[in-house]
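Quick note: the sequence shown uses the numbering used here, first residue 1, plus one each step.
Please read the structure below before turning to the comments.
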Amino acid sequence: MNNPYIKLISTPNKVDVLQVTHPKFTAQISRFGGHLLSYATKQQDNYLWLSNTAVLDGSKAIRGGVPICWPWFGPAQGEFSGEPQHGYIRNVNWQLQTIEGDDTELTLELAPELSDELKEKLGLSARIRFHFKDDLTITLSTTNECEQPRPLSQAIHSYFYVRDINNTKLMGLENSQYIDKLTNTTETQHGAVQISGSVDRVYLSNAPKLMLDDESRKIIISGSGHDSVVVWNPWRELAANMADFDDNGYQTMICVEMANTQGLTLAPGKTYHLSQTIGG
Ligand code: BG6
1 MNNPYIKLIS TPNKVDVLQV THPKFTAQIS RFGGHLLSYA TKQQDNYLWL
51 SNTAVLDGSK AIRGGVPICW PWFGPAQGEF SGEPQHGYIR NVNWQLQTIE
101 GDDTELTLEL APELSDELKE KLGLSARIRF HFKDDLTITL STTNECEQPR
151 PLSQAIHSYF YVRDINNTKL MGLENSQYID KLTNTTETQH GAVQISGSVD
201 RVYLSNAPKL MLDDESRKII ISGSGHDSVV VWNPWRELAA NMADFDDNGY
251 QTMICVEMAN TQGLTLAPGK TYHLSQTIGG
């Protein structure tokens, strides 16, 4: 890899990590999952939460950072029923395809290594692009490579670090309807989202800009191509039941995910872009 800002770190029995050290920011991207593990700028500490007990040997999807859910979000359904939750690509290695940039910006593109059999079955291909400038834009692009329309759902499943979830507000979803996955009801959001217990919600919103305020900083989360914003915090009990979620971790994280949950159909030959920008 011939780029002054990027180094591949390979450790036995651990996922390969692309260590990005740039004059404006640092980041780590795991080749397993095409998964961003950390991102900090000169002005801002790491934006992302990573579980202290995350499994980093490639045997399981990584808990924290930015997993990519594709080509479905949540439990597999229909022709894929029985397949893994959140799809395939957070559990496979990705190839670095291109690196471009200079001392003001940097772009990396990766593509998942899928078997020919799986590619054939899906009829879809995926690529991810990390564009670092003054902020970071993650774009997940999907192309329908076959001759039939194909269904797609997906999420950029970002885990944000917050100083204290009890003093954190997410703004930008006011008055939006959401599906509460814990009660299976549809509700309306009044005011900012504040979390004081287990939350698993699909906001039916394509709001282009949200703000996460934990009283120590304000993170701007922008998106495009999404039909939903998923907000998740498992809280104490669920976290304790997940071996890869450290017991107190729920106090310093919130997932805010730009997603397509409402049944998108991609026509033959077409490419769809879903993106999330993290900055502020
Ligand atoms: C969220 C879902 O996006 O991801 C939750 O809305 C789910 O229902 C959570 O529990 C974590 O999923 P996983 O498969 O990484 O444990």
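Virtual Cβ for every residue (Gly too), placed ideally from N, Cα, C.
When distances are taken from the beta-carbon of Val230 to the heavy atoms of ligand 1, the shortest one is below 7 Å.
Ranked by how close their Cα comes to the Cα of Pro151, the residues Ser115, Leu238, Gln95 and Thr142 have Thr142 in first place. Around the beta carbon of Gly263, fewer than 16 other beta carbons lie within 10 angstroms, which makes this residue exposed.
In this structure, Cys146 has its CB at a distance of at least 7 Å from all heavy atoms of ligand 1. Non-local beta-carbon contacts of Trp70 in its own chain, meaning distances under 6 Å to residues more than five positions away in sequence, involve Gly87, Ile89, Ala126 and Gln154 in chain order. Distance from the C-beta of His157 to the nearest heavy atom of ligand 1 is below 7 Å.
As for any beta strand (DSSP E) of minimum length 3 sitting wholly inside the region 161 to 204, the runs are 169 to 171, 177 to 180, 185 to 188 and 199 to 203, ordered along the chain. From the listed residues Ser275, Ile278, His273 and Thr261, the smallest Cα separation to Ala76 is found for Thr261. Going by C-alpha positions, Leu204 is about 7 Å away from Val229. Ala267 and Gly123 have their alpha carbons spaced roughly 11 Å apart. Three or more beta-carbon pairs drawn from the region 227 to 242 and the region 192 to 209 are found closer than 8 Å, and the two stretches are therefore classed as touching. In terms of side-chain proximity, the C-beta atom of Asp247 is found no nearer than 7 Å to any non-hydrogen atom of ligand 1.
Taking a 10 Å sphere around the C-beta of Pro208, we find fewer than 16 other C-beta atoms and assign the residue as exposed. Ile219 and Leu136 have their C-alpha atoms some 12 Å from each other. Within the model, the alpha-carbon separation for Met171 versus Ile138 is close to 21 Å. Counting only runs of at least 4 residues, the region 64 to 148 fully encloses the following alpha helix (DSSP H) elements, listed from N- to C-terminal order: 116 to 122. The straight-line gap separating the alpha-carbon atoms of Val162 and Thr53 is approximately 18 Å. Uninterrupted alpha helix (DSSP H) stretches at least 4 residues long and entirely within the region 214 to 247 occur at 235 to 240, given in chain order. Per the coordinates, the alpha-carbon of Asn3 lies some 25 Å from the alpha-carbon of Gly58. Note on Gln97: under 16 other CB atoms within 10 angstroms of its CB, so exposed under the neighbour-count rule. For Ile68, the number of other beta carbons within 10 angstroms of its own is at least 16, and it is reported as buried. Look at Gln251 here: in three-state DSSP terms it is helix. For Phe32, there is no enclosing beta strand (DSSP E), as DSSP marks it with neither H nor E.
If you compare the alpha carbons of Leu106, Val66 and Pro84 with that of Trp72, the shortest gap goes to Pro84. Cβ neighbours of Arg129 within its own chain (closer than 6 Å, five residues either side excluded): Glu109 and Thr139. In the DSSP assignment, Ala155 falls within the unbroken beta strand (DSSP E) covering Arg150 to Ile156.
Annotation: the continuous beta strand (DSSP E) that includes Leu274 extends over Thr271 to Gly279. Within the same chain, Cβ atoms closer than 8 Å to the Cβ of Glu174 are found at Gln189, His190, Gly191 and Ala192, the five residues on either side in sequence being excluded.
Distance from Met258 to Gly223 at the Cβ level is roughly 4 Å; contact confirmed, criterion being Cβ atoms closer than 8 Å. In this structure, Gly33 sits near Ile62, with a CB-CB distance shorter than 8 Å.
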